[in-house]
Amino acid sequence: MTFSDLGLSPKVLSAVTDAGYTQPTPIQAGAIPHALLGKDILGIAQTGTGKTASFVLPMLTRLEKGRARARMPRTLILEPTRELAAQVEENFIRYGKNHKLNIALLIGGVSFDEQDKKLERGADVLIATPGRLLDHRERGKLLLNGVEILVIDEADRMLDMGFIPDIERICEMIPFTRQTLFFSATMPPEITKLTEKFLHAPVRVEVSKAASTATSIIQRLVKSGSKPWDKRETLRNLMKAEDAELKNAIIFCNRKVEVSELFRSLLKYDFDAGALHGDMDQRARMQMLANFRDGKLRYLVASDVAARGLDIPDVSHVFNYDVPIHAEDYVHRIGRTGRAGRSGKSFTIATKSDTKYIDAIERLIGNKIEWHDGDLSTVVASEGEDEAPRRGRGAPRRAGRKDDDRKEKGERKPRERHAKPSEAAPPEAAHDEQPVAAEATVADIGERRARKEAIRSENTERKADRNEQRTPERGDSRPQRDSNRPARHRQEDNDATVGFGDDMPAFMRIVAKV
DNA sequence: AAAAAAG
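Under the working numbering, the first sequence has 396 at position 324, and the numbering climbs by one with no breaks.
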């Protein structure tokens with residue numbers, strides 16, 4: 073079976089050939105001929121199975137007849153995350169290089185203007201996340217009654233994310249005569265109901281999980297103390313131990329705060345790391361992902377935004393800095409490595425409180441995961457030791473480490489309540505840097521502010537010169553404000569010393585106590 | 001115990 077047997081147009085075939093593909097994957101072979109005939113498709117397939125091309129290629133062929141009218145897109149593809157949407161756009165660009173198609177990407181976090189212009193011009197292909205799509209429609213800039221082909225991708229994930237009502241609304245805006253291509257990795261009851269409602273006599277194409285993935289990934293559990301610095305140390309040791317074999321790695325954390333904390337910590341230890349989570353501004357998200365794909369970054373610290381769907385080929389290692397709370401997430405995360413028959417390694421850092429989640433994972437995958445270097449019964453209790461490198465600058469360290477721990481707990485709490493998660497001061501601020509006095513001096517506060525700003529801009533553009541990050545008071549770090557941030561987070565902007573800096577009047581100190 | 005997605 074080759075691509076030329078599937079009935080695709082010459083223009084599409086030549087782009088596929090140029091991309092270096094000759095053999096369709098099972099989902100492509102199963103779905104493309106039916107999709108070309110205009111049939112509805114129910115595709116049950118995981119990512120990494122060639123699912124995207126299975127709808128992009130037939131759509132391109134079918135779009136060769138006809139032209140788009142202003143504000144009336146001819147096709148619509150719904151994706152759960154912005155990155156996935158952008159990835160689908162790339163596929164249309166790659167395989168549509170012999171076509172003159174207008175492609176519009178409607179995702180949140182970026183300005184409306186450009187998106188509006190593309191809609192105005194008439195889009196052949198509209199790729200969107202649900203929120204931004206509905207937003208455009210409510211503004212009257214978008215008519216969906218010209219849509220001939222609707223694609224709903226990653227439906228089960230849309231369900232997890234609470235998008236199903238939005239999806240139903242959107243489906244109801246599109247004429248009955250459309251063709252619907254529907255993809256989901258799993259078929260929970262809610263999704264089955266959705267397909268019964270919105271698909272007409274679909275052809276079901278099911279691709280079993282690539283059995284090879286499970287076997288080609290070496291999985292290990294790694295014991296660790298439960299304090300953040302224990303876990304960071306465990307991770308660093310692991311990264312160093314794997315260095316020779318490690319080409320690149322994704323490091324998953326359960327929370328966005330942890331992503332940014334770990335990211336900053338790794339930078340301090342000179343690891344070549346980037347970060348990816350949903351509270352970062354869109355430009356930074358795209359940049360980090362692109363740099364990681366291009367090999368400019370070796371490590372990507374990420375939330376589960378990166379766990380599914382994203383096409384990041386050739387990841388040699390996956391580290392779970394946290395044990396995922398939901399067992400399925402484990403499968404998705406480690407599925408980022410060992411793709412396309414290659415081998416991969418995954419290490420999951422586990423603490424005493426993680427045992428029940430590990431049990432759930434082992435039940436799901438039907439296997440015990442081996443311990444890397446002894447199980448949790450051998451963990452030595454932590455004394456709160458953090459072995460981070462010191463900086464020469466500033467006051468000498470305070471005597472007791474344990475003292476500092478107490479300080480970290482006691483002092484960070486009140487400010488943490490206001491802090492936007494991704495920008496909260498890292499624990500290291502109290503730990504392996506300047507000790508923070510109960511009443512911070514103006515200079516301390518000014519420096520902490522500068523640091524925060526450096527971290528902010530670090531999230532947006534990673535500077536080549538690390539020293540700039542280390543001495544942010546020199547200047548050029550500018551705060552990157554995200555105007556899209558929900559109002560409840562904005563309070564943090566009034567926190568501490570923003571707007572006063574080093575010149576903050578003394579009476580403000582009480583407010584800014586850190 | 002989370003993340004994601006509109007502003």
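Every residue, glycine too, gets a C-beta built ideally from N, C-alpha and C.
Item                                                                                                                                                                : Value
Below 6 Å CB to CB, which residues in the same chain sit around Ala101 once its five sequence neighbours on both sides are set aside?                               : Met73
Work out the CA separation of Gly350 and Arg357 for me, nearest whole Å.                                                                                            : 8 Å
Just list the beta strand (DSSP E) runs in the stretch 170-249, keeping only unbroken ones of 3 residues or longer that don't cross its boundaries, in chain order. : 175-178, 197-200, 221-224
Measuring straight from C-alpha to C-alpha, what distance separates Asp477 and Lys303?                                                                              : With a pLDDT of 33 at Asp477, under the threshold of 50, the predicted position of this residue should be treated as unreliable, though the coordinate-derived value follows. Spanning the two alpha carbons is a distance of roughly 16 Å.
Which residues in the same chain have their Cβ closer than 7 Å to the Cβ of Leu588, if we skip the five residues on either side of it in sequence?                  : Outside the displayed range of the chain (73 to 586) lies residue 588, so it cannot be described from this structure.
Pair every Cβ in the stretch 107-124 with every Cβ in the stretch 309-322, then say whether three or more of these pairs are closer than 8 Å.                       : no
Give the secondary structure of Gly654 by DSSP, where H, G and I count as helix, E and B as strand, and everything else as coil.                                    : Because the chain spans 73 through 586 in this model, residue 654 falls outside it and cannot be assessed.
What residue from Asp185, Thr153, Asp196 has the CA that sits closest to Lys137's CA?                                                                               : Asp196
Which ranges does the alpha helix (DSSP H) cover as unbroken runs of at least 4 residues, wholly within the stretch 291-378, from first to last along the chain?    : 300-314, 328-340, 354-365
Provide the residue span of the beta strand (DSSP E) that contains Lys417, from first to last.                                                                      : 416-422
Mind reading off the beta-carbon distance from Lys154 to Gly181? Whole number of angstroms is fine, and I expect it under 8 Å.                                      : First, the residue type needs correcting, since residue 154 is Arg and not Lys in the sequence shown. Sure, about 6 Å apart at Cβ, within 8 Å.
Tell me whether Ser425 sits in a helix, a strand or coil according to DSSP, three-state version.                                                                    : helix
Within 10 angstroms of its Cβ, does Asn392 collect 16 or more other Cβ (buried), or is it exposed?                                                                  : buried
Considering just the uninterrupted stretch of the beta strand (DSSP E) at Leu253, what are its terminal residues?                                                   : 251-256
Can you tell me whether Ser183 is buried or exposed, with buried defined as 16 or more other CB within 10 angstroms of its CB?                                      : exposed
What does Val387 pair with, by DSSP beta-bridge criteria?                                                                                                           : Thr409
Assign Phe75 to one of two classes, buried (16 or more other C-beta atoms within 10 Å of its C-beta) or exposed (fewer than that).                                  : buried
Pairs of beta-carbons, one from the stretch 406-423 and one from the stretch 306-314, closer than 8 Å: are there three or more?                                     : yes
With DSSP as the reference, label Asp475 as helix, strand or coil.                                                                                                  : Below a pLDDT of 50, predicted positions are generally treated as unreliable, and Asp475, at 33, falls in that range; no measurement from the model is reported.
Which same chain residues end up closer than 6 Å to Val88 when comparing Cβ atoms and leaving out the 5 residues on each side of it in sequence?                    : Phe75
From the DSSP output, in three-state form, read off Gly102 for me.                                                                                                  : helix
Consult DSSP for Met131 and reduce its assignment to one of helix, strand or coil.                                                                                  : helix
Return the CA-CA distance between Asn174 and Ala157, expressed in angstroms with no decimal places.                                                                 : 15 Å
Could you compute how far the alpha carbon of Leu129 sits from the alpha carbon of Lys295?                                                                          : 46 Å
In whole angstroms, give me the CA-to-CA distance for Ile104 and Glu226.                                                                                            : 18 Å
Given that a residue counts as buried once 16 or more other Cβ atoms are within 10 Å of its Cβ, and exposed if not, what is Gly592?                                 : Summary: the structure shown does not reach residue 592, with the chain confined to residues 73 through 586, and so no result is reported for it.
Does the Cβ of Asp353 have 16 or more other Cβ atoms within 10 Å, making it buried, or fewer, making it exposed?                                                    : buried
Pull up the distance between the alpha-carbon of Gly416 and that of His444, whole angstroms please.                                                                 : 15 Å
Taking a contact to mean a Cβ-Cβ separation below 8 Å, would you say Leu436 touches Val403 in this structure?                                                       : yes
State the DSSP-derived secondary structure class of Leu114, mapped to helix, strand or coil.                                                                        : strand
Could you tell me the boundaries of the beta strand (DSSP E) in which Leu150 lies?                                                                                  : 147-150
Output the boundary residues of the beta strand (DSSP E) element that contains Glu278.                                                                              : 275-278
For the pair the stretch 162-177 and the stretch 237-247, tell me if three or more CB-CB distances fall below 8 Å.                                                  : no
Look at the Cβ atom of Phe248, then the Cβ atom of Pro274, and state whether they are nearer than 8 Å.                                                              : no
In angstroms with no decimal places, state the Cα-to-Cα distance between Glu400 and Arg139.                                                                         : 42 Å
Please say whether Glu330 and Asp394 have beta carbons closer to each other than 8 Å?                                                                               : yes
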